[in-house]
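A.B. asks:
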Ligand code: WTA
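Numbering (the numbering used here), first residue to last: 5 to 668.
#1: Check each residue's C-beta against every heavy atom of the ligand WTA and list, in chain order, those closer than 7 angstroms.
#2: Mapping the DSSP letters down to three states, classify residue 641 as helix, strand or coil.
#3: Threshold first: 3 residues or longer. Then list the beta strand (DSSP E) segments lying entirely within the segment 326–391, N to C.
#4: How would you label residue 87, buried or exposed, when you count the other beta carbons within 10 angstroms and need 16 or more for buried?
#5: Where residue 412 and residue 398 are concerned, what is the direct C-alpha to C-alpha distance, given to the nearest angstrom?
#6: Compute the Euclidean distance between the alpha carbons of residue 127 and residue 543, then round it to the nearest angstrom.
#7: So, helix, strand or coil for residue 573, using DSSP?
#8: In the DSSP assignment, find the unbroken alpha helix (DSSP H) run with residue 174 in it and report its ends.
#9: Taking three-plus beta-carbon pairs below 8 angstroms as touching, is the segment 463–480 in contact with the segment 511–520?
#10: Determine the DSSP secondary structure at residue 62, reduced to helix, strand or coil.
#11: For residue 212 versus residue 223, is the C-beta distance shorter than 8 angstroms?
#12: With distances taken between CB atoms, is the gap from residue 70 to residue 84 smaller than 8 angstroms?
#13: Look up residue 274 in the DSSP assignment and give the residues it is bridged to.
#14: Give a yes or no on whether the C-beta atoms belonging to residue 554 and residue 609 are separated by under 8 angstroms.
#15: Determine whether the beta carbon atoms of residue 344 and residue 388 lie at a separation below 8 angstroms.
#16: Nearest by alpha-carbon distance to residue 251: which of 121, 285, 233 is it?
#17: With a threshold of 7 angstroms on Cβ separation, who are the neighbours of residue 257 within its own chain once the five nearest residues in sequence on each side are excluded?
#18: What are the boundary residues of the beta strand (DSSP E) that includes residue 112?
#19: Grouping DSSP H, G and I as helix and E and B as strand, with all else coil, what is residue 628?
#20: Under 7 angstroms Cβ to Cβ from residue 523, same chain only, skipping five residues before and after it: list those, please.
#21: With H, G and I counted as helix, E and B as strand and the rest as coil, what does DSSP make of residue 468?
#22: Can you check which of these residues, 567, 573, 572, 586, is closest to residue 636 by C-alpha distance?
#23: So, helix, strand or coil for residue 22, using DSSP?
#24: Using 8 angstroms for Cβ pairs, my map puts residue 318 next to residue 371. What's the rounded Cβ distance?
#25: Go through its chain and collect everything with a Cβ distance to residue 558's Cβ below 7 angstroms, but skip five positions before and after it.
#26: How many Å lie between residue 366 and residue 151 at the Cα?
#27: Since residue 251 is in the alpha helix (DSSP H), which residue starts that stretch and which ends it?
#28: Between residue 54 and residue 76, what straight-line distance do the alpha-carbon atoms span, to the nearest angstrom?
#29: Measuring only between beta-carbons, confirm whether residue 476 sits less than 8 angstroms from chain D.
#30: For residue 244, which of 217, 259, 235 has the nearest alpha-carbon?
#31: What first and last residue would you give for the beta strand (DSSP E) that runs through residue 200?
#32: Kindly indicate which three-state DSSP category residue 228 falls into: helix, strand or coil?
#33: Here's the rule I'm using: 16 or more other beta-carbon atoms within 10 Å means buried, otherwise exposed. How should residue 652 be labelled?
#34: Might you give, ordered along the chain, the residues of its own chain that have their beta carbon closer than 6 angstroms to the beta carbon of residue 10, omitting 5 neighbours on each side?
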């Protein structure tokens with residue numbers, strides 16, 4: 005943790021205190037109907053956390069019951085050890101014996117407008133077929149399989165096929181670059197990559213396969229690539245012996261593939277996410293505990309019912325796409341609407357148009373999307389009949405009260421409860437959120453920890469904060485869907501999450517989230533954002549160190565410091581302060597070099613990581629011990645006057661140059 009939660013952030017978030025109670029008609033039909041009912045669940049969980057989660061685990065289908073519900077070897081957890089379970093079985097097979105067999109599991113809409121519906125039965129068949137394809141390519145239980153795809157049903161099929169045979173999937177967001185893919189495949193020692201020719205995005209067909217080819221030229225472990233054909237007219241190159249067409253391989257196998265009976269702690273997936281060093285972390289999730297919490301939270305937070313049509317706009321490449329497009333909803337037998345493209349193509353009303361046409365009942369999206377809808381104007385939403393909606397959700401970053409109110413008024417027609425859900429790639433599933441039929445909501449707070457989740461706001465010394473005192477968000481008891489480690493790096497796992505609030509004679513260590521927060525007088529948690537060097541740009545999680553190391557890999561750059569500044573639309577924007585090498589080409593116009601550097605970052609990581617501003621400076625402000633003064637840079641980047649103690653600055657003139665640097 006490098007900065008402490010600032011009190012001005014607190015006061016700016018306190019101005020909105022309107023309380024929205026769940027509409028009585030919603031509560032009447034909800035899984036959890038009142039605050040009293042929720043409180044009693046919470047009390048029950050607090051008296052026996054493990055027992056509470058065991059009860060939730062019993063809602064899943066187990067091949068064999070667990071022997072030990074919870075084991076803790078500080079800070080390594082095991083949940084439901086000895087139990088045998090399969091994720092794909094829980095998402096598919098368990099519905100086949102009921103009327104849900106013919107229920108739509110996925111309704112997919114391509115960006116150009118095609119529609120496909122897969123029932124639980126047909127999805128099961130295709131998953132089994134594809135699992136057989138993987139087997140035919142020598143993919144075994146315990147192998148890691150990379151998935152680099154867009155939002156097509158085959159991405160879900162690929163994930164479920166992996167979990168069916170006990171292969172561990174490693175999904176890489178399709179917007180990441182070849183370099184990012186290469187690093188993730190190497191780090192996880194993937195043996196196979198599943199991809200597609202390309203995706204439709206903003207009206208264009210954007211190729212994906214060339215990035216795979218480029219990445220794999222520097223990956224030795226990957227032996228096979230399966231390519232889903234999205235566009236028969238696209239010309240792509242296939243490497244003989246390594247690359248296989250999805251449709252050809254599936255045509256050659258049958259649809260019988262029993263689900264492997266896997267240990268509860270069998271690795272279900274690795275998902276890389278940004279941290280405070282240059283190297284992304286492989287967040288390692290296992291099966292039984294993850295599924296338990298993903299299924300339970302989907303049911304109670306989205307109040308999922310059999311007649312719902314649930315639309316989660318997250319990409320499969322992020323944790324939300326894992327837990328709340330794929331596993332959570334399918335375990336609940338939900339019908340999921342999956343959409344391939346961008347929200348504003350061909351027009352800013354694409355989402356509203358889809359909601360009207362499909363009669364979506366639940367929408368789960370990100371504050372950054374809501375802010376851009378807000379900017380485009382409510383007229384786009386008002387053109388459509390959105391009356392089918394009954395519940396709205398948000399995730400990924402703090403939602404500003406203005407955006408919350410707009411979402412509530414224009415999308416929710418002032419009647420839909422909003423669930424502001426706080427969680428992380430590491431937590432695997434939702435941790436802090438309203439229960440829509442029970443919890444009164446206030447715009448801007450994710451409200452209360454779920455029953456069985458001991459989230460709290462504490463001081464640096466681990467003691468609980470007073471009401472409205474800014475502090476650090478921690479979790480005081482391990483939970484079922486928590487990460488088990490950082491893949492291949494237990495040390496980093498311990499250091500990042502378990503070192504700030506270590507074990508004491510009184511309590512086990514606290515998990516540190518990296519977020520600053522406060523609890524108000526009602527115990528509601530207000531997230532104030534990251535206190536480490538992780539930034540949320542448009543709901544995408546980025547490490548400033550990662551962007552810095554991308555910048556310094558450019559031949560002209562000597563040193564770089566990347567900080568965030570607030571941005572109305574994106575939440576945060578990235579500002580890069582760059583010092584050039586003395587031998588850098590100074591004949592190039594500065595604007596051109598800035599563009600070159602931004603594109604270089606896009607090439608190294610992906611377009612989402614492009615700095616919004618690049619500012620050149622002769623030197624970076626540093627403390628006497630040589631640490632870059634990031635607080636200072638953040639203030640300069642935000643355009644605030646420099647305040648505070650700067651006496652440890654090495655070179656005061658640096659400051660002056662930075663402030664006056666041409667930054668058009
Ligand atoms: C932030 C996304 C405020 C937070 C599921 C967290 C939020 C990081 C919220 C994790 C929320 C997520 N309110 N902030 N409702 N949800 N965050 O791993 O800073 O991509 O630590 O997981 O997003 O981002 P990640």
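We treat Cβ as the ideally placed atom computed from N, Cα and C, and that holds for glycine. Note that this is a predicted model, so its numbers are computed, not measured.
C.D. replies: Checking against the coordinates, here is how it stands:
#1: Having a Cβ closer than 7 angstroms to some heavy atom of the ligand WTA are 277, 322, 323, 324, 398, 399, 400, 401, 402, 403, 424, 425, 426, 427, 428, 429, 430, 450, 517, 518, 519, 531, 533, 534, 540, 545.
#2: Numbered from 1 along the chain shown, position 637 holds the residue referred to as residue 641. Three-state result, residue 641: helix.
#3: Listed in chain order, they are 339–343, 366–369.
#4: Walking along the chain shown from the start, residue 87 turns up at place 83. Classification of residue 87: buried, given that the 10 Å Cβ count is 16 or more.
#5: Here residue 412 refers to the residue found at position 408 when the chain shown is read from its first residue. Here residue 398 refers to the residue found at position 394 when the chain shown is read from its first residue. Distance between the alpha carbons of residue 412 and residue 398 is about 11 angstroms.
#6: Mapped onto the chain shown, residue 127 falls at position 123. Mapped onto the chain shown, residue 543 falls at position 539. C-alpha separation (whole angstroms): 30 angstroms.
#7: Numbered from 1 along the chain shown, position 569 holds the residue referred to as residue 573. Annotated three-state conformation of residue 573 is coil, per DSSP.
#8: Mapped onto the chain shown, residue 174 falls at position 170. For residue 174, there is no enclosing alpha helix (DSSP H); the enclosing beta strand (DSSP E) has its first and last residue at 172–175.
#9: Result yes; three or more Cβ-Cβ pairs closer than 8 angstroms.
#10: Reading the chain shown from its first residue, position 58 is the one you call residue 62. DSSP places residue 62 in coil when its eight states are reduced to three.
#11: As a position in the chain shown, residue 212 is number 208, starting the count at 1. As a position in the chain shown, residue 223 is number 219, starting the count at 1. Against a cut-off of 8 angstroms, the Cβ pair of residue 223 and residue 212 comes out as no contact.
#12: If you number the chain shown from 1, residue 70 lands on position 66. If you number the chain shown from 1, residue 84 lands on position 80. Taking 8 angstroms as the Cβ cut-off, residue 70 and residue 84 qualify as a contacting pair.
#13: Translated into the one-based positions of the chain shown, residue 274 becomes position 270. Under the DSSP definition of a beta bridge, residue 274 partners with 174, 288.
#14: Counting from 1 along the chain shown, the entry for residue 554 is found at position 550. Counting from 1 along the chain shown, the entry for residue 609 is found at position 605. Yes. Within cutoff.
#15: As a first step, residue 344 is located in the chain shown; it is residue number 340 there, counting from the start. As a first step, residue 388 is located in the chain shown; it is residue number 384 there, counting from the start. Not a contact, by the Cβ cut-off of 8 angstroms.
#16: Taking the first residue of the chain shown as 1, we reach residue 251 at position 247. From the listed residues 121, 285, 233, the smallest Cα separation to residue 251 is found for 233.
#17: Within the chain shown, residue 257 is the residue found at index 253, counting from 1. Here the set comprises 133, 136, 137, 140.
#18: For this step, residue 112 is matched to residue 108 along the chain shown. From DSSP, the beta strand (DSSP E) with residue 112 extends over 108–113.
#19: The residue you call residue 628 lines up with position 624 of the chain shown. Here residue 628 carries a coil assignment [DSSP, helix/strand/coil].
#20: Counting from one through the chain shown, the residue named residue 523 turns up at place 519. Answer for residue 523: 461, 469, 471, 529, listed in chain order.
#21: If you number the chain shown from 1, residue 468 lands on position 464. It is a strand residue.
#22: Residue numbering aside, residue 636 sits at position 632 when the chain shown is read from its first letter. When only C-alpha atoms are compared, the closest one is 567.
#23: One-based indexing of the chain shown puts residue 22 at position 18. In this structure, DSSP gives residue 22 a state outside helix and strand, which the three-state scheme calls coil.
#24: In the chain shown, the residue the question calls residue 318 occupies position 314. In the chain shown, the residue the question calls residue 371 occupies position 367. Taking C-beta atoms under 8 angstroms as the contact rule, residue 318 and residue 371 fail to qualify, at a distance of about 13 angstroms.
#25: For the purposes of this step, residue 558 is taken as the residue at position 554 of the chain shown. Here the set comprises 601, 604.
#26: For this step, residue 366 is matched to residue 362 along the chain shown. For this step, residue 151 is matched to residue 147 along the chain shown. Rounded to the nearest angstrom, the two C-alpha atoms are 27 angstroms apart.
#27: Working through the chain shown from its first residue, we reach residue 251 at position 247. Counting along the chain, the alpha helix (DSSP H) containing residue 251 begins and ends at 250–255.
#28: Against the chain shown, residue 54 aligns to sequence position 50. Against the chain shown, residue 76 aligns to sequence position 72. Inter-residue distance for residue 54 and residue 76 is about 12 angstroms (C-alpha atoms, whole angstroms).
#29: Absence of chain D from the displayed structure is noted, only one protein chain being present.
#30: Mapped onto the chain shown, residue 244 falls at position 240. The shortest CA-to-CA distance from residue 244 to any of 217, 259, 235 is the one to 217.
#31: Within the chain shown, numbered from 1, the residue matching residue 200 stands at position 196. Here the beta strand (DSSP E) through residue 200 covers 196–200.
#32: What you label residue 228 is simply residue 224 of the chain shown in a count that begins at 1. In the structure shown, residue 228 sits in a strand (DSSP, three-state: E or B).
#33: Translated into the one-based positions of the chain shown, residue 652 becomes position 648. With a pLDDT of 47 at residue 652, under the threshold of 50, the modelled position of this residue cannot be trusted; read the value that follows with caution. Flag for residue 652 reads exposed.
#34: Stepping through the chain shown from its first residue, residue 10 is reached at position 6. Here residue 10 scores only 47 on pLDDT, less than 50, and its place in the model should not be relied on; the value that follows carries that caveat. In the same chain as residue 10, and ignoring 5 residues on each side of it, no C-beta atom comes closer than 6 angstroms to its own.
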